[in-house]
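Visitor: So that we are looking at the same thing, I have put the structure below in structure tokens.
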Amino acid sequence: MQLNNLKRKTKLKTSPRVGRGGKRGKTSGRGTKGQNARAGRKKRPEERDIIKKLPKIRGRGKNINTSIQVRAVAIPLVALEKLPAGVVTVRTLVANGIIKKTGERFPFVKILGAGNLSSALAIKGIEVSEGARKIILKAGGKVIK
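With positions in the sequence shown counted from 1, the corresponding number in the numbering used here is that position plus 538.
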């Protein structure tokens, strides 16, 4: 027995080859003239044209989707002077009108160390910069994660 004597047990599934004459006749199912009727046709996707028309944002790492990044609302320590001594959370900041609530969610907040603090505050669940942390601890307050 040789390889050319072997018989296949299953049938091959072949797609019909268009444009080779045969039973289709004339245009072989390709319609009439134009880009689609030619051999080796490749249509350029429309999305590419749209993308190429958009301007590039110059700079390193600028042409990425930044919509998913959470932007922090920066609050200076001077803004916390108005608050009474006690625990400061995002809810108390919204309640005292220091920040605004966006829709259903509370914003991501970070306290920055600009200014002085006279009252002892306990900051809970808010990001704090190193400079602000030193000022809060110096005033007798504490930072709770």
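Even for Gly, the Cβ is constructed at its ideal location relative to N, Cα and C.
Suppose the cutoff is 7 Å on Cβ atoms and the five residues either side in sequence are ignored; what does the same chain contact list for Arg586 look like?
Guide: To locate residue 586, count along the sequence shown from 1; it is residue 48. Around Arg586: no qualifying Cβ.
Visitor: Return the first residue and the last residue of the alpha helix (DSSP H) that Ile682 is part of.
Guide: Along the sequence shown, read from residue 1 onward, the residue named residue 682 stands at position 144. Run containing Ile682: none in the alpha helix (DSSP H); it sits in the beta strand (DSSP E), Lys680 to Ile682.
Visitor: Please classify Gly528: is it buried, with 16 or more other beta-carbons within 10 angstroms of its beta-carbon, or exposed?
Guide: Residue 528 is absent from the model: the chain starts at 539 and stops at 683.
Visitor: When the distance is taken between beta carbons, is Ile637 closer than 8 Å to Ile649?
Guide: Reading the sequence shown from its first residue, position 111 is the one you call residue 649. Reading the sequence shown from its first residue, position 99 is the one you call residue 637. Contact: no.
Visitor: Among Leu659, Val611 and Pro593, which residue has its Cα nearest to the Cα of Glu619?
Guide: On the sequence shown, position 81 is the one that residue 619 refers to. Checked all of Leu659, Val611 and Pro593; the closest Cα to Glu619 is Leu659.
Visitor: Under 8 Å Cβ to Cβ from Gly635, same chain only, skipping five residues before and after it: list those, please.
Guide: Start at 1 with the first residue of the sequence shown, and residue 635 comes out as number 97. Cβ within range, chain order: n/a, list empty.
Visitor: Could you have a look at Gly569 and say whether DSSP puts it in helix, strand or coil?
Guide: Here residue 569 refers to the residue found at position 31 of the sequence shown. In this structure, Gly569 counts as coil in the three-state DSSP scheme.
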